[in-house]
Amino acid sequence: MNLFLLLLVCTCLLRSTETGSFDTVLPSSEKRLIKQLIDNYEMAGKTGRPVKNTREKMVVGYGLSLFQLLDLDEKNQVLTTNVWAKYTWIDQLLRWDPSNYSNIREVRIPPELIWTPDIVLYNYADERLKEKRDVMLNVDYLGRVFWSPPAIFKSNCRIDIRNFPFDYQYCFLKFASWTQNSDELDLQFLDNLTEVDVDQYTSSNEWTLVARPAYRFVMMSEECGKSIPDLTFFLFLKRNPAFYAYLLVFPCVLLSLLTTVTFWLPPHVPAKMLLGMNIFVAFSVLLKLLANSTPSASITIPYLGYFYCVNLTLLSLSTFISTVVINVHSYGPKRGPVPPFLAKMVKLFATPLSITKPEEDEDTVTNLEMEFSKKIASESAAQSQHDRLMAGYGNPVATDMLQQFPRSGFPNRATEELYRNMMSDSVMASQYPPWQWTPETLKRFTAHVNDRIKSSNEWSQRTTPEMLLDAPVVKRRGIKSGGSNLNGSCSADPCNGLPYSLNSLKTRRTTIQIHTSLNDLREALKNLMIKVTKKDAMAKTAREWRMVVMTIDRIFFWFSLVTIVASGCYLLFPRGQTQSVQEVLAMHEAEYEKRNIEVAKQCLMPRQQI
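Mapping to the UniProt record's numbering: the sequence shown position 235 is 235, numbers consecutive.
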């Protein structure tokens, strides 16, 4: 019998060895624990809060750890962040005694197998339905659950681009339970950390994180008497303007300087208009780049855009004024003199604006006219001196003029005698300058002149024109001298009977010829001077219109310069943060209070109707 039992045991052992029953692995304590916890959850149900008492409130701690600021899309007003969301709560269904499970105090459980709080991003702007990645939950033996899933959040962010590219932006991420109110789920900050955690933050090249506060608000639910707590995490950002400064601001400043340089060109030069239009096109290109970098549906406009528009307006006005200036410069003198109000404007602004009067134009025609006028004036002076000499008022100038006659080669004796008598009279008159004459000398000279006139009258009754032209003919006719002169020149050398009146006759003929020539010259000079006067008047009018043009151009230059400098200092210089952190928090708190009051009023309305 004993032998039979021994054989039976050996056979069983042999069969168990053949079937491989020794390869079966017994579950570990951790697996048994996790299986036990999941089985308990399946029995209790995954849906619903994991509490034993329904009236008990679950406290969920929530924190946000910023890992990277991916993008702030100004056009679509969307902030994209890479964060780690941190959750903590107590699950009463996930408790055990460590001594029963090899002293295991902590296990990892998939989140889809147990209850998790429905904390969502309220101001989301994402097309994805799932934001978080699947990671395990850490659960300890007291039922405390810690869950830190990485997530990429896309939240809407109101962009204020007035100070672009030197702007500050603030965005916020609002987290709250989607279905549970404060009586069921109380949302609090994790470890009472009222700010965004940046221990693992990677700096952004475009934005600098200035502040990162967090604030807990309570908003009234549409269910009367209920409230929903939410945690709002703020991100205050400052743009790094280096890229946009080189792309948009620096070229804008250079083009603004070129806008003022256009006024260095003469006002009437068409190249000024061409340069202005080229600068206008360049500003249009910059304006297009600015439009691509900013939201198209924004309710505000960047100050940089205002500065572009100011320059475009000034360039348009400059082109318009240049057209007016060219028109005035070309057709202004033909329209008549400058109106009085423009003349007053020029007189008022010429000195303060340092406007110099245009120089008179000097050309070859004017020089020729001046030389011709001098020649006519000299001939007129010579004729006047000759007339004074013939009247008996001798002076050294007259003597010099008489000495210009030829001293040899006279055609006849009569002409030679005329020359000698004129010389003698001139010498006699020159002996008594006007400032040395006395009544006695004046009396002697008057008697001498009367004798000359008397002898000239007597001779003119007996002479003929041939006597002035041919001396031999006079001799053949036997004409004798019947007069004498005062200085006795004919006593030493007979004058063939020619008295002093021959000198007077010759001088009179010469005077008539000179007067005739001078009259013609004076008439020509008169016509020439009329033309010169008209030309000078037109030139003066043109200079006056040129002064008007220069004044208008200079006024607009200073207006443009002051406008560009003032607008540049106001619009381009970086500004500080428009709203401080406390002001933003106070503004959000005021919005919550306003909304809560409106919800409370809606809740009271049905009761009043009842």
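Every residue, glycine too, gets a C-beta built ideally from N, C-alpha and C.
Query	Result
Beta-carbon gap between Val-107 and Tyr-87 smaller than 8 angstroms	no
Three-state secondary structure (DSSP) of Ile-597	helix
Residues bridged to Thr-80 [DSSP beta-bridge criterion]	Asp-71, Lys-154
Closer than 7 angstroms: Pro-251 CB and nearest the ligand MN heavy atom	With respect to small molecules bound, the structure shown includes none, and the ligand MN cannot be examined in it.
Span separating the alpha-carbon of Asp-470 from that of Thr-516	Low local confidence applies: a pLDDT of 43 at Asp-470 is under 50, so the model's placement there is unreliable, with the coordinate-based value given in what follows. So the two alpha carbons sit approximately 26 angstroms from each other.
Residues that DSSP places opposite Leu-64 in a beta bridge	Ala-85
Where Pro-229 falls: helix, strand or coil (DSSP)	strand
Sufficient close CB pairs (3 or more, under 8 angstroms) joining the region 282 to 298 to the region 229 to 242	no
Nearest-angstrom beta carbon gap, Trp-89 and Pro-111 [assumed within contact, 8 angstroms]	Going by Cβ atoms, the distance from Pro-111 to Trp-89 rounds to 12 angstroms, so no, they are not a contact pair.
Inter-residue Cα distance where the pair is Gln-188 and Thr-194	10 angstroms
Cut-off 7 angstroms between Cβ atoms - residues of its own chain near Val-338, not counting five sequence neighbours on either side	Glu-544, Trp-545, Val-548
Alpha helix (DSSP H) runs contained entirely in the region 266 to 308, provided each spans 4 or more residues	271 to 293
Whether Phe-349 touches Thr-551 by CB criterion (8 angstroms)	yes
Secondary structure of Arg-133, DSSP reduced to three states	coil
Identity of the residues DSSP links to Leu-121 by a beta bridge	Phe-175
Sub-8 angstroms separation of Val-145 and Leu-94 beta-carbons	yes
N- and C-terminal bounds of the alpha helix (DSSP H) containing Ala-350	That residue, Ala-350, is in no alpha helix (DSSP H); it is neither H nor E in DSSP.
Buried or exposed (CB count within 10 angstroms, at least 16 for buried), Gln-602	exposed
Residue of Arg-32, Asp-536, Leu-69 minimising C-alpha distance to Glu-206	Leu-69
Beta-carbon spacing of Met-277, Ser-322 below 8 angstroms	no
Alpha carbon of Asp-199 to alpha carbon of Met-605, nearest angstrom	50 angstroms
Pair within 8 angstroms by beta-carbon distance, Phe-217 and Tyr-592	yes
Beta bridge counterpart(s) of Ala-214 as assigned by DSSP	Phe-233
Meets three-Cβ-pair contact criterion under 8 angstroms: the region 118 to 127 and the region 149 to 157	yes
Under the three-state DSSP convention, the category Ile-552 falls into	helix
Within 8 angstroms, strictly: CB atoms of Cys-252 and Phe-164	no
Spatially closest choice to Pro-213 from Leu-231, Tyr-201, Glu-222, by CA coordinates	Leu-231
Straight-line Cα distance separating Asn-519 from Gly-478	Unreliable placement is indicated for Gly-478, whose pLDDT of 43 sits below 50; the coordinate value is still reported in the next sentence. Distance between the alpha carbons of Gly-478 and Asn-519: 41 angstroms.
Lys-534 (DSSP reduced to helix, strand or coil)	helix
Sequence-distant residues of the same chain with beta carbon closer than 6 angstroms to Tyr-201, five excluded per side	Leu-66
N- and C-terminal bounds of the alpha helix (DSSP H) containing Asp-186	Per DSSP, Asp-186 belongs to no alpha helix (DSSP H); it is in the beta strand (DSSP E), 185 to 189.
Nearest residue (CA-CA) to Ile-104, options Val-135, Leu-142, Gly-576, Leu-528	Leu-142
Residues of its chain near Lys-594, where Cβ-Cβ distance is below 6 angstroms and the 5 sequence neighbours each way are ignored	none
Neighbourhood of Pro-266 by C-beta distance below 7 angstroms, restricted to the same chain and skipping five residues each side	none
Outcome for Ala-600 when other beta-carbon atoms lying within 10 angstroms are tallied against a minimum of 16	exposed
Gln-404 versus Met-529 - alpha carbon distance	Low per-residue confidence applies at Gln-404: pLDDT is 45, beneath 50, and the placement is therefore not dependable, though the value from the model is reported in the following sentence. Straight-line Cα distance between these residues: approximately 31 angstroms.
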